[in-house]
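Below: one structure, written as structure tokens.
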Amino acid sequence: LLTDGRANVDLQGRPGRERAALDTQAVARRVRSEGLAAVLIDTSPRAQPAARALAASMAARYLPLPYANAATLSGVVRQAQL
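Converting from the sequence shown to our numbering requires adding 9 to each position, the first position being numbered 1.
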């Protein structure tokens, strides 16, 4: 998942950060409950607490973009598949 963690559109396509954040957390919990392996790449120039929290809700590996070079990303994806 590529995101900055700052949702701004809800699942119905309506703008609004509050509802979008609630929807995002609900989907993240669903990913976790399904036992899906996930990697969240924080696309912000600086690591964002919202993206880190979303990764935690999903039980996903968190990787901030400044550190997401090809070798690191490849290793993280391989680990998530195990």
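Beta carbons are placed, not taken as given, at the ideal position from N, Cα and C, and that holds for glycine.
* Counting only runs that start and end within the stretch 40-73, where is the beta strand (DSSP E) found for 3 or more residues in a row? -> Within the stretch 40-73, the complete beta strand (DSSP E) runs of at least 3 residues are 48-51 and 70-73.
* **Asn17 versus Ala37: straight-line alpha-carbon distance, rounded** => Working through the sequence shown from its first residue, we reach residue 17 at position 8. Working through the sequence shown from its first residue, we reach residue 37 at position 28. Cα to Cα, the separation comes out at about 16 Å.
* Work out the CA separation of Arg26 and Ala69 for me, nearest whole Å. => If you number the sequence shown from 1, residue 69 lands on position 60. If you number the sequence shown from 1, residue 26 lands on position 17. Spanning the alpha carbons of Ala69 and Arg26 requires a straight line of approximately 22 Å.
* Using the C-alpha atoms, what's the distance from Tyr71 back to Ala65? -> Taking the sequence shown and counting its residues from 1, the one referred to as residue 65 is at position 56. Taking the sequence shown and counting its residues from 1, the one referred to as residue 71 is at position 62. Looking at the two C-alpha atoms, the distance is approximately 8 Å.
* Supposed contact pair Gln57 and Gly84 - C-beta distance, whole angstroms, cut 8 Å -> Position 75 of the sequence shown, counting from 1, holds the residue named residue 84. Position 48 of the sequence shown, counting from 1, holds the residue named residue 57. Not really, about 22 Å apart at Cβ, beyond 8 Å.
* To do: Taking 8 Å as the cut-off, decide whether the C-beta atoms of Leu49 and Ala60 are in contact.
  => Taking the first residue of the sequence shown as 1, we reach residue 49 at position 40. Taking the first residue of the sequence shown as 1, we reach residue 60 at position 51. Ala60 sits close to Leu49, with the two beta carbons spaced by under 8 Å.
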